[in-house]
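Step one of this worksheet: look at the structure below.
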Amino acid sequence: MKIRNGFVSNSSSSSFVCAKCNEAYEGWDGDYGSIEQVICVTGHSFCSDCVSVPEDKDYQWDLPGDSCPICTFKILTDFHALQYLLDKYKTSKKEILEQIRVIFPNYEAFAERVLKGKTS
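Taken in order, the sequence shown gives residues 228 to 347; the numbers are from the numbering used here.
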């Protein structure tokens with residue numbers, strides 16, 4: 228058994244990705260520096276630069292849905308777009324991957340045709 232003497236920190240790192248700008252923020256114990264994480268009532272996370280919050284309100288953890296860019300359909304995340312298209316065309320990611328393998332000989336050919344310079 229290991230015994231520690233003196234100051235022992237119980238800090239933990241945390242991170243989040245803004246659903247609007249896709250920037251990743253890292254911090255210790257929820258401290259991300261000058262950027263605050265804002266979470267709407269349905270769980271969508273944003274950096275404080277990407278949402279408008281009235282100055283007289285503190286909505287860090289409970290931003291109303293009518294102020295959330297996702298809940299108001301001002302933006303559409305890649306995840307939600309994919310889920311919509313999978314449902315609309317009654318397909319799955321597995322089936323799409325199988326189609327891609329048939330059409331393209333390798334990733335480079337796929338990227339050149341479909342991604343056209345986009346990354347990730």
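Backbone N, C-alpha and C define an ideal beta-carbon position, used for all residues, glycine too.
Please read all numbers here as calculations on a predicted model, not as lab measurements.
Report the rounded CA-to-CA distance for residue i versus residue j, giving the unit in angstroms.
i, j, result
"ALA336", "VAL265", "40 Å"
"SER241", "TYR252", "8 Å"
"LEU313", "ARG340", "21 Å"
"LEU309", "ILE327", "16 Å"
"CYS245", "ASP285", "18 Å"
"SER279", "ALA338", "36 Å"
From the DSSP output, read off the bridge partner residues of residue i.
i, result
"TYR252", "PHE243"
"PHE273", "VAL265"
"LEU342", "LEU342 pairs with nothing; no bridge assigned."
"LEU290", "CYS267"
Could you pull the start and end residues of the beta strand (DSSP E) that residue i belongs to?
i, result
"ASP265", "The displayed chain sequence assigns Val, not Asp, to residue 265. Where VAL265 is concerned, the enclosing beta strand (DSSP E) stretches over 264-266."
Cα-Cα, which of the options is closest to residue i?
i, options, result
"ILE297", "CYS277, LYS315 and TYR316", "CYS277"
"ASN249", "TRP255, THR299 and PHE306", "PHE306"
Which whole-angstrom value is the C-beta distance of residue i and residue j, which I expect to be below 8 Å?
i, j, result
"CYS267", "GLY292", "6 Å"
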